[in-house]
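Asks: Residue numbers for the sequence shown follow full-length UniProt numbering, beginning at 1 and rising by one. We treat Cβ as the ideally placed atom computed from N, Cα and C, and that holds for glycine. It should be emphasised that the depicted structure is a prediction, and the values quoted were computed from it without experimental measurement. So that we are looking at the same thing, I have put the structure below in structure tokens.
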Amino acid sequence: MSNIGVRASIPSNVRKTIQDIKEITGNHSEEEIYAMLRDCSMDPNETAQKLLLQVCTTLEGELNEATL
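This is the structure in structure tokens:
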């Protein structure tokens, strides 16, 4: 069986942090949160802020489209 296309597993020592961020930010997958954590040098505060900003930007865009 080939591992091509299989995502890298999330380290067990990071799972609690990911769950905490998921509670704050809502509908992001664990993989999305882990990827953002890595982009943010494993800083959970910066990660949560960036994910929340993504949600706000998405909602703002949807609201603007609805008013057109």
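Would you kindly work out how many angstroms separate the C-alpha atoms of serine 41 and lysine 50, rounded to a whole number?
Replies: Reading the sequence shown from its first residue, position 41 is the one you call residue 41. Reading the sequence shown from its first residue, position 50 is the one you call residue 50. Whole-angstrom Cα-Cα distance: 13 Å.
Asks: Closest by CA to threonine 17, which one among Leu53, Ile33 and Gln54?
Replies: Looking up residue 17 in the sequence shown gives position 17. Comparing Cα-Cα distances from threonine 17 to each of Leu53, Ile33 and Gln54, the minimum goes to Ile33.
Asks: With a CB to CB cut of under 8 Å and the five nearest residues on each side skipped, what residues in its chain are close to leucine 52?
Replies: On the sequence shown, position 52 is the one that residue 52 refers to. So the list reads Ile24 and Thr25, once near-sequence residues are dropped.
Asks: Is asparagine 13 helix, strand or coil by DSSP?
Replies: Within the sequence shown, the letter at position 13 stands for residue 13. Here asparagine 13 sits in helix by DSSP.
Asks: To the nearest angstrom, how far is it from the Cα of glutamine 54 to the Cα of lysine 22?
Replies: Position 54 of the sequence shown, counting from 1, holds the residue named residue 54. Position 22 of the sequence shown, counting from 1, holds the residue named residue 22. Using only the alpha carbons, I get a separation of about 14 Å.
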